[in-house]
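Peer 1: My questions all concern the structure below.
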Amino acid sequence: MPRGMGRGYGGRYWTPGGFYGLLDLLILIGILYFLVKLLLVALPYALGLIILLMLRSFLRGPGFRGFF
Numbered sequence: 099m100p101r102g103m104g105r106g107y108g109g110r111y112w113t114p115g116g117f118y119g120l121l122d123l124l125i126l127i128g129i130l131y132f133l134v135k136l137l138l139v140a141l142p143y144a145l146g147l148i149i150l151l152m153l154r155s156f157l158r159g160p161g162f163r164g165f166f
């Protein structure tokens, strides 16, 4: 028997119902909710930074070749 399989290898199958399936579903929904909220908070800051960098590159002109 491969290591790490335990004593119940091949005995029972995982079913999507039950308490642990519901717990997994709630955890996944919570993670997705957190990521969407984080995106909504961070998106205006990222867009503002991109706009400022583009504006600075237009104001400096074509002669300047710096890192930022």
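If you're matching positions, the sequence shown starts at 99 in our numbering and goes up one per residue. No residue lacks a Cβ here, since even glycine has one placed at the ideal position from N, Cα and C.
In whole angstroms, what separates the C-alpha of Ile125 from that of Val139?
Peer 2: One C-alpha to the other measures close to 21 Å.
Peer 1: Under the three-state reduction of DSSP, which class applies to Gly128: helix, strand or coil?
Peer 2: Three-state DSSP puts Gly128 in a helix.
Peer 1: What is the rounded straight-line gap between the Cα of Leu120 and the Cα of Phe132?
Peer 2: Going from the Cα of Leu120 to the Cα of Phe132 covers about 18 Å.
Peer 1: Taking the alpha-carbon positions, what's the Gly146 to Ser155 distance?
Peer 2: Going by the C-alpha atoms only, they are around 14 Å apart.
Peer 1: Taking just the CA atoms, how far does Leu141 sit from Leu157?
Peer 2: Answer to the nearest angstrom: the Cα atoms are 24 Å apart.
Peer 1: Quick one: grab the DSSP three-state call for Leu160.
Peer 2: Residue 160 is actually Pro in this sequence, not Leu. In the structure shown, Pro160 sits in coil (DSSP, three-state: anything other than H, G, I, E or B).
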